[in-house]
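Single-structure report; data block below.
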Amino acid sequence: MEGVPDSTTDGGISVFTDQGSWFGFAFSAGRSPQGKVGFSGPYRISDSWRTASRWQGKTFAKLLLKKEGQDSYREPIEVSSHSYPGRLQQQVKYADITATMTLIFSSEKTVLVRTELKNRSSASQKIIPQWRHTSFSNFLGIEADQGILKVETGTDEPSYYISGDFPFSVHREEAAYDVAAVNPVELAPNASATTYLSYSYSKEEASAPIADAGDHFSENRSRWNKQINDMLGAPTPWNKDRSLQRLSIKSIMTLINNWRSPRGDLRYNGLFPSYAYQGFHGIWSWDSWKHASALALFDSELAKDQMRVMFDYQNESGMVPDVIYADSTENNWRDTKPPLAAWAVWNIYEQSGDSTFLSEIYPKLKRYHRWWYANRDHDGNGLCEYGSTDGTRIAAAWESGMDNAVRFDDAVMVKNSENAWSLNQESVDLNAYLYADKIYLSKMADKLGLSRESAKLYEEAQGLKERINEQMYDSKSGYYYDKELESEALIRVKGPEGWIPLWAGIADEQQAVSVRDIMMDEDHFRSTVPLPTLQVSHPKFNPRNGYWRGPVWLDQFYFGIKALTNYGFDKEASILVDQLLKNAKGLAGSPQPIRENYHPITGEGLNARHFSWSAAHILMMSQMESLELEH
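Quick note on numbering: the sequence shown equals residues 3 to 633 in this note's numbering.
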């Protein structure tokens with residue numbers, strides 16, 4: 003999380019955000035100690051796949067120290083920078099002074115920078131600190147008003163405001179400006195002094211945090227400590243391992259870094275899949291269900307908002323869009339995503355016990371469930387297909403969430419009604435999800451006192467369970483498959499869809515044993531990093547460039563682990579989790595970012611950095627009590 007951007011659109015530097023902010027910072031970088039002092043930013047995160055995120059500044063709050071009456075700056079001799087949960091902290095050592103700078107977010111619009119100066123000498127010193135900021139623009143509009151500094155970059159980026167708990171002056175030179183203390187900081191021998199600066203995109207907030215700066219830092223520490231303790235407090239095997247505890251903390255930080263606050267047409271909080279990839283600057287539906295399930299473990303209110311932000315766009319027919327943006331004209335209504343919403347809501351309820359939220363969301367979940375049968379059951383046999391609203395094959399593949407999975411290679415579109423089309427195959431994972439949907443809806447109805455609805459949903463689930471086992475399981479090969487509509491032939495491609503019936507609890511004991519054996523077989527799914535999205539012996543297996551044709555995705559990995567433990571195969575599940583942790587590069591014991599997916603043979607992290615649902619499923623795995631890990 004360090005570097006100085008080469009251009010305004012340099013996307014190679016990881017940044018720190020918090021509180022749902024749409025901007026972030028990194029540590030500065032350089033060969034000399036002086037080059038490492040301070041931060042880089044602000045980095046403005048875009049709200050659309052159409053526009054790139056932009057660096058509003060090169061350097062930010064770069065500390066410069068000089069003694070009163072001297073013109074030359076003190077030379078730092080050592081700089082150490084650390085990213086902690088909820089804060090960036092940098093220590094700069096000079097010959098006889100140590101400066102510690104800490105950056106936190108006090109809100110989604112405001113950051114506070116605390117600078118602590120400690121005199122390590124036996125003599126009193128008078129030090130004048132100043133903080134340098136460098137923009138990409140050669141024009142900077144600087145305007146002071148009642149102790150608040152307004153900074154305009156001369157671009158279409160918004161202005162920001164600076165205030166401090168001390169009188170300061172401003173010195174500007176081309177694309178740089180310095181904020182300098184008017185009065186020297188007096189340091190007695192071995193004494194310390196602290197100053198605060200506030201940087202805000204809200205003029206109203208610009209000075210407010212300064213008055214309570216110490217309280218904001220205390221609140222920041224308390225909030226993050228609670229989140230971490232909520233995750234690490236469960237007495238699970240995972241939480242007994244220090245390196246896995248650190249992985250859990252990295253996962254929490256990944257989720258919070260991708261949290262975006264309400265903006266434009268997004269009326270609730272929600273998470274991007276990854277801020278680090280421009281194409282993921284929206285909020286996707288099945289990503290949301292997974293994010294919410296993990297968020298519920300340490301922040302149930304944010305988890306609830308993650309559900310609300312998607313269902314805010316549910317249409318009259320019950321459909322939830324694939325993805326939504328701050329500009330709702332960009333929302334994708336060509337398809338939806340697999341129905342895991344009720345699973346997510348039940349996970350939230352189990353953690354929060356909030357029956358009011360259950361009452362709020364249950365009618366919407368029920369409408370969404372019924373939508374599938376009204377729009378994605380081509381022959382009305384109670385087994386649904388993935389599809390699209392515009393008849394396009396690509397949107398139908400998107401709806402599966404497995405965009406280019408091999409099982410769909412020969413599928414074609416069939417029309418159901420004016421705005422409803424299906425692929426010509428009934429997907430086993432979709433129907434297993436719908437079975438689970440019925441079970442969770444039944445549980446919710448029971449909690450809400452709707453006993454008849456509960457019983458009816460449970461009865462429907464049992465009927466669907468029978469159809470899946472009778473029509474989508476092949477006893478000869480011992481696996482579950484999609485089924486072609488007209489011929490009713492099974493599409494014999496082995497992927498993670500085949501273990502979803504075990505995740506949902508559909509399989510009987512013998513079926514579960516057969517699927518387990520295939521999952522544990524090295525010619526199928528027990529690769530170096532296990533449970534890839536296509537069996538390793540398939541001729542189309544292509545993890546390097548295949549996306550859903552070979553890489554290991556941690557959502558499907560987690561579903562596979564839960565599938566095994568649901569049937570008491572704890573030993574096998576533990577073996578696979580140990581393999582993941584040992585062989586997936588950048589997970590445990592590494593500062594590398596969590597990736598979108600992983601190469602099943604080499605263990606290399608693939609595609610987007612800082613990927614939310616990977617982090618989400620790591621956290622869900624960390625809470626599993628039945629794993630016996632050797633890591």
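We treat Cβ as the ideally placed atom computed from N, Cα and C, and that holds for glycine.
Quick caveat: nothing in here was measured; it's all calculated off a predicted structure.
- Message: Can you give me the C-alpha to C-alpha distance between alanine 236 and methionine 623, rounded to a whole angstrom?
- Response: 12 Å
- Message: Rounding to the nearest angstrom, what Cα-Cα distance links methionine 415 and asparagine 426 in this structure?
- Response: Taking the straight line from one Cα to the other gives about 6 Å.
- If I'm right that serine 290 touches phenylalanine 282 with Cβ under 8 Å, what's the distance once you round it to whole angstroms? That belief does not hold up - the Cβ atoms of serine 290 and phenylalanine 282 are roughly 13 Å apart, past 8 Å.
- Message: Below 8 Å, how does it come out for the stretch 544-560 and the stretch 511-518: are there three or more Cβ pairs, yes or no?
- Response: no
- Query: How should asparagine 377 be labelled, buried or exposed, when 16 other C-beta atoms within 10 angstroms of its C-beta is the threshold for buried?
  - Reply: buried
- Just grab the DSSP bridge partners of phenylalanine 170 for me. Ala183
- Beta-bridge partners of tyrosine 198, as assigned by DSSP: Arg116
- Message: Can you confirm whether the stretch 251-265 touches the stretch 27-46 when touching is taken to mean that 3 or more C-beta pairs between the two stretches lie within less than 8 Å?
- Response: no
- Item | Closest residue to aspartate 557 among Asn544, Phe571 and Val579 (Cα-Cα distance) | Val579
- Look up serine 137 in the DSSP assignment and give the residues it is bridged to. Gly59
- Query: For glutamate 145, does the three-state DSSP call read helix, strand or coil?
  - Reply: strand
- Query: What distance in whole Å lies between the Cβ atoms of glutamine 316 and lysine 366, which are believed to be in contact at a cut-off of 8 Å?
  - Reply: That pair is a contact at about 6 Å.
- Return the chain-ordered ranges of every beta strand (DSSP E) run that is complete within the stretch 48-102 and spans a minimum of 3 residues. 59-69, 80-86 and 89-95
- Item | Length of the line joining the Cα atoms of alanine 610 and alanine 195 | 42 Å
- Quick one, which of Glu175, Arg244, Tyr179 and Leu114 has its alpha-carbon nearest serine 220's? Leu114
- What is the DSSP secondary structure of glutamate 176, reduced to helix, strand or coil? coil
- Candidates Pro341, Gln353, Tyr435 and Trp51, of which the one nearest alanine 305 by Cα: Gln353
- Message: Taking the straight line between their C-alpha atoms, what separation do you get for arginine 372 and methionine 321?
- Response: 9 Å
- Task: Can you give me the Cβ contacts of methionine 404 inside the same chain, cut-off strictly under 6 Å, excluding the 5 residues immediately before and after it?
- Result: Trp550
- Item | Backbone secondary structure at glutamate 472 - three-state DSSP | helix
- Message: If you follow the beta strand (DSSP E) that tyrosine 388 is in, where does it begin and where does it stop?
- Response: 387-390
- Decide yes or no for the touch test of the stretch 421-435 against the stretch 382-390: beta carbon pairs closer than 8 Å, at least 3 of them. yes
- Message: Once the 5 residues before and after serine 402 are set aside, which same chain residues still bring their CB inside 6 Å of it?
- Response: Around serine 402: Tyr388.
- Task: In the DSSP assignment, find the unbroken beta strand (DSSP E) run with serine 419 in it and report its ends.
- Result: 415-419
- Sequence-distant residues of the same chain with beta carbon closer than 6 Å to lysine 205, five excluded per side: Tyr163
- Message: Considering only their Cβ atoms, is the gap separating glutamate 4 from phenylalanine 29 smaller than 7 Å?
- Response: Yes, Cβ-Cβ distance for phenylalanine 29 and glutamate 4 is below 7 Å.
- Task: Can you grab the Cα-Cα spacing for the pair methionine 626 / isoleucine 620, in whole Å?
- Result: 10 Å
- Beta-carbon proximity of tyrosine 198 to alanine 215, cut-off 7 Å: yes
- Task: Report the residue from Ser576, Leu608, Gly548 and Lys252 whose alpha carbon sits nearest the alpha carbon of proline 87.
- Result: Lys252
- For asparagine 383, count neighbouring Cβ atoms within 10 angstroms of its own Cβ and tell me buried if that reaches 16, exposed if not. exposed
- Would you check if the stretch 533-547 and the stretch 487-499 touch, i.e. whether three or more CB-CB distances between them fall below 8 Å? yes
- Bridge partners - arginine 597, DSSP secondary structure assignment: Arg611
- Is serine 200 near glycine 22, with beta carbons less than 7 Å apart? no
- Item | Touch test, the stretch 221-236 against the stretch 42-62, Cβ-Cβ under 8 Å, three pairs minimum | no
- Message: My output table needs one value for valine 554: the three-state DSSP class, helix, strand or coil.
- Response: strand
- Query: Can you tell me the Cα-Cα spacing of threonine 358 and serine 456, whole angstroms?
  - Reply: 18 Å
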